[in-house]
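First comes the structure, then the notes that go with it.
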Amino acid sequence: MPEKLLITRLDEFGINPQEWCDPWAARFHPGLIGEDTWLCEEPFTSGSWGEIPVWEPEKHAARVRFVMQSPVLRARPIEIDCAVHGGYILAQPVVLDGWHRLHAAWALRTETILGEFGGRLDLLDYLTGATDERPED
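So in the working numbering the end of the sequence shown lands on 155, straight run, no missing numbers.
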């Protein structure tokens, strides 16, 4: 079930917008990016999709702008889990899906975003505002 996550709490963990996602840069891109898009650092091959290319910064910005203009897309929850290192589940959120939706929420200055969370419950309580005590690793 999706939870309302506080964007300020996500900010505390260093999950924040980058220069390439400036939504106003999207106005320089002639087209908006549609639903079937991927965010990745290098090309990869994925089953029937074929090779997925790396996006240029203006395409990311266009995708963020597209999400900002679509209430349906903004209502879809992002997916977050915890980072894992050396066999330990850390109190560090990791966005698995929904980067463009998250950046759109920042650009729109919303306070919360819906998220499906699959990590530690103490971190979930902190991200939702149920507790003010930030969990430690």
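Ideal placement from N, C-alpha and C gives every residue a C-beta, glycine not left out.
Residue 103: buried (16+ other C-beta within 10 angstroms of its C-beta) or exposed?
Indexing the sequence shown from 1 puts residue 103 at position 85. The residue is exposed, with fewer than 16 neighbouring Cβ atoms inside 10 Å.
So is residue 105 buried or exposed if we call it buried at 16+ other beta carbons inside 10 Å?
Along the sequence shown, one-based indexing puts residue 105 at 87. Counting Cβ neighbours within 10 Å, residue 105 comes out exposed, since fewer than 16 surround it.
In terms of DSSP beta bridges, what is residue 132 paired with?
Within the sequence shown, numbered from 1, the residue matching residue 132 stands at position 114. Answer is 22, bridged to residue 132.
Can you list, in chain order, the residues of its chain with a C-beta nearer than 6 angstroms to that of residue 140? Leave out the 5 residues immediately preceding and following it.
Counting from 1 along the sequence shown, the entry for residue 140 is found at position 122. These residues qualify, in order along the chain: 153.
Once you ignore the five residues that flank residue 45 on each side, which residues in its own chain have a CB closer than 8 angstroms to its CB?
For the purposes of this step, residue 45 is taken as residue 27 along the sequence shown, with counting starting at 1. With a pLDDT of 44 at residue 45, under the threshold of 50, the predicted position of this residue should be treated as unreliable, though the coordinate-derived value follows. Taking residue 45 as the centre and dropping the five residues before and after it, the same chain places the C-beta of 83 closer than 8 angstroms to its C-beta, in chain order.
Sorted by chain position, which residues of the same chain lie with C-beta nearer than 6 angstroms to residue 115's C-beta, five sequence neighbours on each side aside?
Here residue 115 is taken as the residue at index 97 of the sequence shown, counted from 1. Excluding residues within five positions, the ones whose Cβ falls inside 6 angstroms are 97.
Residue from 146, 144, 95 and 100 whose Cα sits closest to the Cα of residue 118:
Here the question's residue 118 lines up with position 100 in the sequence shown. Looking at the Cα atoms, 95 is the closest of the given residues.
My understanding is that residue 24 touches residue 129, with C-beta atoms under 8 angstroms, so please give their C-beta distance in whole angstroms.
Position 6 of the sequence shown, counted from the first residue, corresponds to residue 24. Position 111 of the sequence shown, counted from the first residue, corresponds to residue 129. Indeed, because the Cβ distance is near 7 angstroms, the residues count as touching under 8 angstroms.
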